[in-house]
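In what follows, a structure is listed as structure tokens, so that the remarks can point back to it.
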Amino acid sequence: MLPNDPQRAIREAADAAAPHLIALRRNIHRVPELAFQETRTAGIVAAELARLGIEHRTGIGVTGVIGEIKGGRPGPTLAIRADMDALPIHEETGLDFASGIDGQMHACGHDIHTATLLGVAAVLKDLAPQLAGTVRLIFQPAEEVLEGAAAMIAEGAADGVDIALGFHNHPDMPVGSFGFVRGPCLAASDRFDLVVQGKSGHAAHPYAAVDPIVAAAHFITQAQTVVSREIKPLHPAVVTVGMMQGGATYNIIPERVHLKGTVRTLHAAARDTAEAALRRLAEGLQTTMRVRCTMTYQRMVPALVNDDAVLEPVLASVARQMGVAPEEGEPSMGSEDFAAFAARAPAFHLRVGSGAPGRDDRLHNAMYQPDEACIALGVQALSRAALDILS
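Numbering (full-length UniProt numbering) for the sequence shown: 1 to 391.
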């Protein structure tokens with residue numbers, strides 16, 4: 001049987017937990033850990049789940065943690081996922097709980113996410129007798145390198161999951177607001193390495209060499225035509241070369257050049273077209289520029305697609321709990337490996353406003369400072385969604 005006033009019960013529980021959750025967030029923030037190195041963070045999570053009396057397992061997908069809350073009645077399994085890893089960014093906020101590790105920072109708010117899901121765990125543990133089903137709490141490593149979800153799924157994290165919820169803080173949205181996107185909301189992410197092998201020689205005698213720099217430059221400029229001339233204009237896509245490395249000095253044509261790039265798409269057809277086109281361009285260089293090309297192309301995560309069957313009831317739950325309807329937004333060409341869970345079960349990814357008044361923060365920035373009030377607000381929204389889904 002549901003609480004007489006679930007809105008009030010959840011709000012009061014989240015507000016009571018807020019100081020503790022903020023302290024947990026700051027503890028994690030001080031010692032940010034990169035992908036698959038989140039041992040301390042995972043230890044904090046495990047200790048908190050143990051304190052709450054929640055059964056859990058550690059070491060899933062290297063450093064992941066899974067907790068489970070069994071309801072009072074049988075029903076579906078609802079997974080709620082938070083990511084734990086930090087970024088290789090040097091923090092410049094000057095906060096008294098700023099990162100104590102040079103060159104590492106929680107600049108994407110995964111410390112916020114971890115604290116939020118721990119808050120959800122506390123609320124739902126108390127409500128467990130009213131739940132019809134199981135809540136699976138997934139604390140995931142290595143989202144920033146788009147490998148953690150797959151690692152956890154390979155070890156059973158998605159087995160038996162009927163519905164999946166993810167969430168992310170958005171400093172571009174004011175704290176207290178929530179958002180959503182219908183259908184594809186975050187892009188598929190693929191990456192490629194291209195080694196262009198030429199023939200080194202003296203800069204004064206290029207006819208006696210084969211210049212891989214010129215060939216690589218041709219590839220970079222041609223790659224921009226993949227989006228403009230091969231993919232449908234209404235199918236968003238981005239091709240970016242993020243690294244070009246080759247040569248050591250002024251007067252030597254190098255032996256080889258190494259390129260690294262990424263491809264982002266929202267539609268499967270565009271994803272296929274982009275990969276085929278880039279491979280073709282690399283092959284063409286071998287004939288036109290006399291180089292040898294070796295391309296390694298890796299598909300990382302698919303587009304994250306929100307399922308209306310999950311989206312609609314969650315939006316209704318958030319509106320009931322928070323008294324404000326989430327606002328519809330635009331898809332992003334950023335990527336998120338929660339997409340791997342969404343490919344296994346109907347899913348929805350909620351946007352949680354974290355923008356502090358008077359600030360204009362962005363993710364992956366050395367000065368990023370989300371409003372910590374978003375933690376308790378996220379706890380309310382996600383807890384109410386879980387309660388309603390499993391009623």
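All C-beta atoms in this analysis are idealised placements derived from N, C-alpha and C, irrespective of residue type, glycine included.
- Proximity of the region 255–271 to the region 183–199 meets the contact definition, three or more beta-carbon pairs being nearer than 8 Å.
- If you keep only unbroken beta strand (DSSP E) runs of at least 3 residues inside the region 286–362, you get 292–301, 304–306, 347–355.
- Contact between the region 360–367 and the region 96–111 is established, with three or more Cβ pairs separated by less than 8 Å.
- Here F180 is not near E48, since their CB atoms are 9 Å or more apart.
- By the C-beta criterion, the region 208–223 is judged not to be in contact with the region 153–171, since fewer than 3 inter-stretch pairs fall below 8 Å.
- Look at A376 here: in three-state DSSP terms it is helix.
- Per DSSP, the beta bridge partners of Q245 are H258.
- Within its own chain, the residues whose Cβ lies closer than 7 Å to the Cβ of R40, once the five positions on either side in sequence are excluded, are V31, E33, listed in chain order.
- The DSSP assignment places complete beta strand (DSSP E) segments of no fewer than 3 residues inside the region 87–150 at 132–140, in order along the chain.
- Going by C-alpha positions, L95 is about 44 Å away from Y250.
- Residue pairing by DSSP places L78 opposite V135, I163 in a beta bridge.
- The region 203–210 and the region 268–276 do not touch, with fewer than three beta-carbon pairs separated by less than 8 Å.
- In this structure, A282 sits away from M300, with a CB-CB distance that is not shorter than 9 Å.
- Per DSSP, G71 has no beta bridge partner at all.
- If you look at I60, you'll find it in the beta strand (DSSP E) that goes 55–60.
- Distance from the CA atom of M322 to the CA atom of E155, rounded to whole angstroms, is 36 Å.
- For the UniProt domain "Peptidase M20 dimerisation" (192–283), the continuous alpha helix (DSSP H) assignments of 4+ residues that do not extend past its boundaries occur at 212–230, in sequence order.
- According to DSSP, residue pairing for H168 in a beta bridge involves R351.
- Judged by beta-carbon spacing, A303 lies beyond the 9 Å limit of L165, meaning their Cβ atoms are not closer than that value.
- Residue range 39–51 is occupied by the alpha helix (DSSP H) that includes G43.
- A residue is called buried once 16 or more other Cβ atoms fall within 10 Å of its Cβ, and D337 is buried on that count.
- Annotated three-state conformation of M173 is strand, per DSSP.
- Beta-carbon to beta-carbon, V305 and P141 are separated by about 23 Å, too far to satisfy the 8 Å threshold.
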